[in-house]
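A short worksheet on the structure shown next.
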Amino acid sequence: MNWVQYLNMRKILKLELKNICKYFQDVKANQNVNIDISSGEILGLLGENGAGKTTLMNILYGIYHPDEGDILINSKKVQIKNPRDSIALGIGMVHQHFMLIQNQSVAENVALIYKESPQFFPSRLIQKKLVEFAERYGLHADPDKMVWQLSAGEQQRVEIVKTLLNNADLLILDEPTSVLTPQEARDLFQILRRMKVEGHSVILISHKLEEILEICDRVVVLRKGKVLGESKIKDVNKKSLAHIMVGRDVIFDFHKDVLQRGEKVLEVIDLTVRSDRQTNAVKDVSFTVYRNEIFGIAGVSGNGQKELIEAITGLRKSVNGKVIVESVDITNLPVGSQNVSISHVPEERIQFGVVPNLSLFDNAVLKQHHNPKFSNRLFLDYTVIREHAAKIVKKFQVDTPSVSTLVKNLSGGNIQKLILGREISEDHTLLVAAHPTYGLDVGATEFIRNHLLKQRIAGCAILLVSEDLEEIYELCDRVAVMFDGRIVGIMDPEKTELEEIGLMMAGSSSKTIGAEA
Ligand SMILES: Nc1ncnc2c1ncn2[C@@H]1O[C@H](COP(=O)(O)OP(=O)(O)OP(=O)(O)O)[C@@H](O)[C@H]1O
Ligand SMILES: [Mg+2]
């Protein structure tokens, strides 16, 4: 079958959103939005955190109903009352936040949404489909693993595979690559290109401008709920896109001062940590992080980074080795009894970092209620707590109507900013941060990276785990690569090619270049 025949198979040749308006009380999340997309086109949807991207796509997918406006498919008005309607019309969506059921297996999660799931014993068929899919397209998802055992990157893969299996005509991807490795993102783009040739249409939301430039045909930029403009991809570049989005120039090249590193802060010695499946996820890992240093851990998600961080921050017991912070042995001491100042930005922060049904100010002091600053013996001091929350909102530019707003009503990026603000605005000697900028728009990313560099100057020791190689490269003084539970090399980014680190992440070589453990 050639591509013209494929094209004719598609049910959605043109989709139009006309004058879409959506209000949440006083927040005008979408105002008179007009967007169209044709078969065989990849459209980038851009905008600052809180611009209204997810809301608009949730309308198209039937999760929200617009207050005004119409959706047209092939010039005919359609009613999309719920996701079932949109799936029937040929629309699929990968959500910004994982919607997987934690205590079910990967196969069970896929079966729930797979169009052709048999009524009885669906797992066999799903397992087969997942294996076939991985062989064909390179995106792997272990069918038998329970979702709660997966790292953020692995969960993201499952979300994508789950939606791709349905072979939707129009695919909506809301920040699909935030925690994918560059290689996985490339594999995904390969799939999208193939889908494009086959006549599918794709709407891609991403804050990674290189990705948008690489894969999209056209971009639409939203700001404060309105369409600010649209452009063919050939008429824009990274700088101009960033400028349109945030209304000012954004710095992409950071200046990192040359600093003499200070005393030892974190010592990890021969650490071995088991995974939830009782296999050794971290194997004999040793390294030291000093004051005035950002020490990066690069690696493909699922190679032990999660377990390593959890063991360092007291969330998981190790089976061998030691964790020492400022000469205090904190090995296997639970969080709260360690008596050293560690801040932790966890990997799955939307899941574990906030209570969505509580207000922003309650969330701003989560886990710190016992802090004398926020309570007077019996009661919490809400005046102080609100002031503290207001400070975070201002400093980290959290876009919210007020500090009383429920966190579940904030946009994804703004929730990230709140958690980051809570965790990194306090003084600390050791900051452990996993993927600190994922989900942030270009302006906020610039702010957080600068903030980390300032903390480095202020004498903090920073352990930065990220799959974003460029981020690691820009910020770190030394970079350790983790593969299969081991540190396979510690490099000085000044003396190492980015490609080399990429290869080591894939397990192809191991060495130590220009830096010691
Ligand atoms: N259910 C809701 N109730 C109240 N306000 C909401 C709700 N959902 C979204 N909003 C508000 O609508 C605005 C747009 O949010 P949306 O999630 O669409 O932004 P976004 O462009 O996807 O941002 P991000 O890049 O951070 O994901 C924000 O101000 C947000 O706080
Ligand atoms: Mg969003």
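Throughout, the numbering used here is defined as the position within the sequence shown, counted from one, plus 18.
We put the beta carbon where it would ideally sit given N, CA and C, even for glycine.
Because the structure is a prediction, the values reported are computed rather than measured.
Kindly list the residues whose CB is nearer than 8 Å to the CB of residue i, restricted to its own chain and excluding five residues on each side of it in sequence; keep chain order.
i	result
TYR41	ALA47, ASP85
VAL421	SER377, LEU378, PHE379, ALA382, ARG404, ALA407, ALA408, VAL411
LEU259	LEU64, LEU227, ILE230, LEU231, VAL237, VAL239
ASN37	ASN50, VAL51, ASN52, GLU86, GLY87, ASP88
ASP44	PRO419
SER135	ALA129, LEU143, ILE144
VAL372	ASN381, LEU384, VAL425, ILE433, LEU436, ILE437
TYR132	PRO140, ILE144, LYS147, LYS180, LEU183, ASN184
Around the C-beta of residue i, are 16 or more other C-beta atoms found within 10 angstroms, so that it is buried, or is it exposed?
i	result
LYS472	exposed
GLY108	buried
LYS94	exposed
THR514	buried
ILE119	exposed
ALA537	No answer is possible for residue 537: it lies beyond the span of the chain, which begins at 19 and ends at 535.
ILE269	exposed
ARG154	exposed
GLU517	exposed
PRO454	buried
HIS388	exposed
HIS273	exposed
SER526	exposed
ASP253	exposed
ASN3	With the chain represented from 19 up to 535, any question about residue 3 goes unanswered, as that position is not in the structure.
GLU281	exposed
THR423	buried
GLN296	exposed
LYS435	buried
LEU398	exposed
What does a CB cutoff of less than 7 Å around residue i pick up in its chain, not counting 5 residues either side in sequence?
i	result
THR530	Only weak support is given to the placement of THR530: the predicted model assigns it a pLDDT of 48, under 50, and the value that follows is read from those uncertain coordinates. Excluding positions up to five away in sequence, the list reads GLY507, ILE508.
VAL291	ALA299, VAL300, GLU325, LEU326, ALA329, ARG334, SER336, VAL337
GLY503	ASN298, ALA299, VAL300, LYS301, ASN321, GLY322
LYS163	SER123, VAL124
Shortest alpha-carbon distance to residue i belongs to which of the options?
i	options	result
VAL318	SER56, ALA170, TYR155	ALA170
LEU351	ASN338, SER345, ARG334, MET522	ARG334
ALA299	LEU284, LYS324, VAL276, GLU281	LYS324
ALA462	MET263, SER526, LYS274	MET263
GLU512	GLY87, GLU488, HIS158, LEU64	GLU488
ILE327	SER443, VAL450, VAL237, GLY58	VAL450
GLU344	ILE251, HIS261, CYS478	CYS478
VAL460	HIS158, ALA524, GLU66	GLU66
ARG236	ASN184, LYS32, GLU59, SER224	GLU59
LEU537	ILE505, SER293, LYS244, ALA186	Nothing can be reported for residue 537: it is not among the residues displayed for the chain, which extend from 19 to 535.
ILE466	ILE342, SER355, VAL416, GLY110	VAL416
ALA125	ILE360, PRO161, PRO364, ASP288	PRO161
ASN100	ASN92, PHE116, GLY80, ALA106	GLY80
TYR82	CYS39, GLN122, GLY68	CYS39
ARG211	MET164, ARG309, TYR132, LEU189	LEU189
VAL358	GLU365, ARG474, VAL283	VAL283
VAL346	GLU365, ALA69, VAL286, GLY243	VAL286
ASP495	ILE505, VAL197, LEU481	LEU481
LYS244	GLY68, LEU428, GLN114, MET522	GLY68
GLU127	ASP205, VAL165, GLN208	Note that residue 127 corresponds to Asn in the displayed sequence, not to Glu. Of the candidates ASP205, VAL165, GLN208, the one whose C-alpha sits nearest the C-alpha of ASN127 is VAL165.
Quick one: give me the first and last residue of the alpha helix (DSSP H) that residue i is part of.
i	result
ARG406	Checking the displayed sequence, the identity of residue 406 turns out to be His instead of Arg. 400–413 is the extent of the alpha helix (DSSP H) around HIS406.
MET75	71–78
ASN350	Neither: ASN350 is in no alpha helix (DSSP H) and is coded neither H nor E.
ILE608	Shown here, the chain extends from 19 to 535; a query on residue 608 therefore has no answer.
LEU487	487–493
THR447	From DSSP, THR447 is part of no alpha helix (DSSP H); its letter is neither H nor E.
PHE370	367–370
PHE465	460–476
ILE233	227–233
Hey, quick one: how far does the beta strand (DSSP E) through residue i stretch, first residue to last?
i	result
GLU34	32–42
LEU428	No beta strand (DSSP E) contains LEU428, which DSSP labels as neither H nor E.
ILE342	336–343
MET500	496–501
VAL179	Per DSSP, VAL179 belongs to no beta strand (DSSP E); it is in the alpha helix (DSSP H), 170–182.
ASN52	45–56
THR306	298–308
HIS362	360–363
Can you give me the Cβ contacts of residue i inside the same chain, cut-off strictly under 6 Å, excluding the 5 residues immediately before and after it?
i	result
GLU34	ASP54, LEU90
THR181	GLY110, VAL112
ASP103	GLY80
GLU492	PHE272
SER56	LYS32
Would you say residue i reaches chain D, if we count a Cβ-Cβ gap shorter than 7 Å as a contact?
i	result
LEU189	In the structure shown, chain D does not exist; there is a single protein chain.
Considering only heavy atoms of ligand 3, does any lie closer than 6 Å to the CB of residue i?
i	result
GLY371	Ligand 3 is not part of the structure shown, which contains ligand 1 and ligand 2 as its ligands.
**Study point:** Within 7 Å of ligand 2: residues by beta-carbon to any heavy atom
**Key:** LYS71, THR72, GLN114, ASP192, GLU193, ILE223, SER429, GLY430, GLY431
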